Amino acid sequence: MTGLAENTRREVTQWGVGVTLIAPGRVETPFWDGTGGLPPGELLTADQIADSVVWAMTQPAGVDVNTVVVRPLGQPN
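Numbering (the UniProt record's numbering), first residue to last: 1 to 77.
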């Protein structure tokens, strides 16, 4: 995903378009239903990820937010 984001960024920057890679940690979604349940520890909500996307999109003109890593407190890499 990082490579795709970087290559896309190189292609579209000339037109004033930014590309932001959002890298979420563990998020509470139906994905976990097929894996035997939720992992231990805190999970993010979809709303928290959405808030992070909105934050990246509302930066001032000329600011390029390359990557946003969003994890719940205590989640290891």
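Every residue gets a Cβ at the ideal spot worked out from N, C-alpha and C, and that includes glycine.
Computed from a predicted structure; not experimentally measured.
Quiz item: Is the beta carbon of residue 30 sitting closer than 8 Å to the one on residue 49?
Solution: Sequence index remark: in the sequence shown, residue 30 carries index 30 (1-based). Sequence index remark: in the sequence shown, residue 49 carries index 49 (1-based). Against a cut-off of 8 Å, the Cβ pair of residue 49 and residue 30 comes out as no contact.
Quiz item: In angstroms, rounded to a whole number, what distance separates the CA positions of residue 64 and residue 20?
Solution: In the sequence shown, residue 64 corresponds to position 64, counting from 1. In the sequence shown, residue 20 corresponds to position 20, counting from 1. Computed Cα separation, rounded: 8 Å.
Self-check item: One or two residues paired with residue 24 in a DSSP bridge
Solution: In the sequence shown, residue 24 corresponds to position 24, counting from 1. Residue 24 is bridged to 70.
Exercise. Below 6 Å CB to CB, which residues in the same chain sit around residue 8 once its five sequence neighbours on both sides are set aside?
Key: Within the sequence shown, the letter at position 8 stands for residue 8. Closer than 6 Å at the Cβ level, and outside the excluded window around residue 8, lie 19.
Quiz item: Are residue 27 and residue 38 closer than 8 Å when you measure CB to CB?
Solution: Residue mapping note: residue 27 aligns to position 27 of the sequence shown, counting from 1. Residue mapping note: residue 38 aligns to position 38 of the sequence shown, counting from 1. No. Outside cutoff.
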